[in-house]
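Sequences listed follow chains A and B, in order. Here the first sequence stands for residues 1 to 350, numbered as in the numbering used here. Here the second sequence stands for residues 1001 to 1288, numbered as in the numbering used here. Each residue gets a CB set at the ideal place from its N, CA and C atoms; glycine is no exception.
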Amino acid sequence: MSGFLSLHGIRKEFDGVVAVETFDLDVEPGEFVSFLGPSGCGKTTTLRMVAGFEQPTAGTIRLAGKDVTYAKANERNIGMVFQSYALFPNMTVADNIAFGLRVRKEEGSARSDRVSELLDLIHLPDKAKSYPNELSGGQQQRVALARALAIRPQLLLLDEPLSALDAKIRDDLRAEIRRIQRQLNITTIYVTHDQEEALALSDRVVVMSKGRMEQVGEPFEIYNNPATGFVASFVGQLNRLPVTVEDPALGRIRLGRYELRTTSMIEAPAGAGLSLMMRPEEITLDDAEENVLEGIVETVTFLGSIVRVQIAVEEGKLIADLFNERLLELPEAGDSTQISFPPHACWVMA
Amino acid sequence: MGGARRPPLARFGSWLGVLPFFLFSGMFLIAPAVILAYRSLEGPDGTLTLDNYRALTTNTVIAAYSMSIRISLTTAVIGGLIGFFLAWAVSMGGLPRPFRSGLTTFSGVASNFAGVPLAAAFIFTLGRVGVLTALFELIGVDLYGGGFTIYSYWGLSLVYLFFQIPLMVLVMLPALDGLKQDWREAAENLGATPGQYWRRVALPVLLPSILGTMILLFGNAFGAHATAYALTGGLLPLATLLIGQQISGDVLNNPGLGYAVAMGMVFIMGLSIVLYSILQRRSERWLG
């Protein structure tokens, strides 16, 4: 156990139902780690155990070398930002930010200096006297962030802080959170079910499912080398086709009448049935020397920077994401087309 | 660009729906209030005069208002505090869930239990020969020997509390439910103790609701007539009883004064409603 935040063998049960299974993680100082997973996967429960709102059924939590497993939430010096903002409605923005300093009996002038500093940091210096109900959702969440940072926490926890906001505000605030985190170099745990958010913000991502850690890694690694079928399908779009192994040593597989090849390792004997997986952006609508299939275009969806094409092939359906260039010739529904993908861009899993 | 206008027939239909309300309010609220205002300005010979309002400063009337206000304040504050703690206990105090539904049902019934049946119930239990009085005597506690009587100021207050406490419970439960768990956790996370959270966040947020409901309780007790009349028979000088004595009494018959006292009560009740609405609006903004 060497991390600044160290979770060792953490487990949580509610009335005998396991919410989090053996969870081990070391977070380095200044690192930004996201817990990513669908609803009910245990990510918020894990965060709440770190915050001190839930006690683990087993395991230990160490923060800056100190065992805080059973320490009270108000003794941990951890800042937390809630999904619902949780601003105190009876207080102004300045009073909300100053709350933690006031209960710690920090001196008046130091307190107001700190509040001004944080209002500048979140770019809301003119909102000190406003009440939370006079602010937009994005502004409220910035104030919540400032309030959490005011106490100079050892660790910052963010529980789906952007999920209640509009897409545009979400993007802006996402960049703002990362800027502030880097500026302060504060160790941060971020909980989200939005894979784009996790990939864009994090130094490392912990993908969770059904209370278990599925994979821990850098965003690039998680996306390009998913360790499990769940990670592959949850992080990003994924195509899956049923194949049979022909020659595991040479990476040869069969999809109906097509013989295909992958450069990734096949850990199954010849004749075994597996799933072939590839990302939509790896597929092109042309023929190539290898891995060429024929199909019929079913739908074409314009998504701005990309065009998503759904194609029916012999053993199922594929999605191809084409980069929207001015010279792109869009196929139409009903067109016959050839599809190809390079051997290094596909892999097989059970 | 505005939205499509609703056809006139549909708009007429909407107004038709609220017509019974306006009719009811007109017949049983506005018309009586106007008649009351007019009659309060009528002298014994039918001429218009301000004498009835001048008579509001006499000792009898001031004593009646004073007693009504005191008893209303007493039961609003005591009922409010007990009701608040009861509501807190079932909402946040971790009591078993069935206890909450039981209390809510009881409160729904008890808050509407008033008048002669309530007075009779208390006379049968805590009257001079009431069941509880007798039981207390069996264990050596002589309530009436100790100075207590159900027919006194504190006796009537006790009876009023029977419907005041449940009313407070009913109104405070949703307000307490409106306190977000995230606020408590945010405060705790920022280093606050439970006491600091209650002092700086929860109580200030609940205060408009608590005060607003206490004003409601004040109005509830201030306008009560039948319970007080059935219990004390006019022994206590209350404003509502004075109105009855002036309008239909044999001895103190001065209907004009009775109507003027009633107008004074309308004014106090109106003030209470305005205060209650202001506090309720603030409470809804924070807890809604």
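- Using beta-carbon distances, B:Trp1198 does not count as an interface residue toward chain A, since no partner is under 9 Å.
- The beta-bridge partner set that DSSP reports for A:Gly273 consists of A:Thr244.
- Taking 9 Å as the threshold, the shortest C-beta distance from A:Met80 to chain B falls below it.
- Counted as a single uninterrupted DSSP element, the alpha helix (DSSP H) harbouring A:Ala167 occupies residues 167-184.
- Residue burial annotation: B:Thr1075 is buried, with at least 16 other C-beta atoms found within 10 angstroms of its C-beta.
- Closer than 8 Å at the C-beta level to chain A, one finds these residues of the segment 1165-1189 of chain B: Lys1180, Asp1182, Trp1183, Glu1185, Ala1186, Ala1187, Glu1188, Asn1189.
- Taking 9 Å as the cut-off, the beta carbon of A:Leu5 is found no closer than this to the beta carbon of A:Leu36.
- DSSP places B:Gly1093 in the coil class of the three-state scheme, outside both helix and strand.
- Interface flag for A:Ile151 against chain B is set, since a Cβ pair is found closer than 9 Å.
- The C-beta of A:Ala110 comes no closer than 9 Å to any C-beta of chain B.
- Within the model, the alpha-carbon separation for B:Leu1158 versus B:Ile1247 is close to 28 Å.
- As summarised for the segment 1193-1219 of chain B, the continuous alpha helix (DSSP H) elements at least 4 residues long and confined to that stretch are 1194-1197, given in chain order.
- In this structure, A:Val307 and A:Val313 do not form a Cβ contact; the two beta carbons are roughly 18 Å apart against a cut-off of 8 Å.
- Put simply, the backbone Cα of A:Phe323 is about 16 Å away from that of A:Gly236.
- A:Ala150 sits away from A:Arg174, with the two beta carbons spaced by 9 Å or more.
- The C-beta of A:Arg114 comes no closer than 9 Å to any C-beta of chain B.
- When DSSP reads this structure, B:Trp1154 sits in no beta bridge, so it has no partner.
- Per the coordinates, the alpha-carbon of B:Phe1148 lies some 10 Å from the alpha-carbon of B:Thr1133.
- By the C-beta density criterion, B:Leu1009 is exposed, having fewer than 16 other C-beta atoms within 10 angstroms.
- If you check each beta-carbon in the segment 87-106 of chain A against every beta-carbon of chain B, the ones closer than 7 Å belong to Phe88, Pro89, Asn90, Phe99, Gly100, Val103, Arg104.
- Of all residues in the segment 38-55 of chain A, only Arg48, Ala51, Gly52, Phe53 place a beta-carbon less than 9 Å from a beta-carbon of chain B.
- Residue pairing by DSSP places A:Val309 opposite A:Val300, A:Ala320 in a beta bridge.
- The closest CA to that of A:Gly30, considering only A:Thr188, A:Glu325, A:Ala144, is found on A:Thr188.
- Put simply, the CB of B:Thr1193 is near chain A, with a gap under 9 Å to one of its CB atoms.
- Within the segment 1009-1020 of chain B, no residue has its Cβ closer than 7 Å to any Cβ of chain A.
- Using beta-carbon distances, A:Arg142 does not count as an interface residue toward chain B, since no partner is under 9 Å.
- Check the Cα spacing between B:Gly1212 and each of B:Thr1105, B:Arg1199, B:Leu1271, B:Thr1193: the tightest is with B:Leu1271.
- Fewer than three pairs of CB atoms, one per stretch, sit closer than 8 Å, so the segment 249-261 of chain A makes no contact with the segment 201-220 of chain A.
- Three or more Cβ pairs closer than 8 Å define a contact, and the segment 1182-1192 of chain B meets that threshold against the segment 83-91 of chain A.
- Measuring C-alpha to C-alpha distances from A:Gly271 to each of A:Gly251, A:Arg279, A:Asp172 identifies A:Gly251 as the nearest.
- Around the CB of B:Gly1258, 16 or more other CB atoms lie within 10 Å, so the residue is classed as buried.
- In the three-state DSSP reduction, A:Gln141 falls in the helix class (H, G or I).
- Counting only Cβ-Cβ distances below 8 Å, A:Ser84 has contacts in chain B at Lys1180, Asp1182, in chain order.
- Proximity of chain B to A:Ala73 at the Cβ level (cut-off 8 Å) is accounted for by Glu1185, Glu1188, Asn1189, in chain order.
- Identification of chain A residues near B:Arg1285 by a Cβ-Cβ cut-off of 7 Å yields Asn133, ordered along the chain.
- In the three-state reduction of the DSSP assignment, B:Asn1112 falls in the coil class, being assigned neither a helical nor a strand state.
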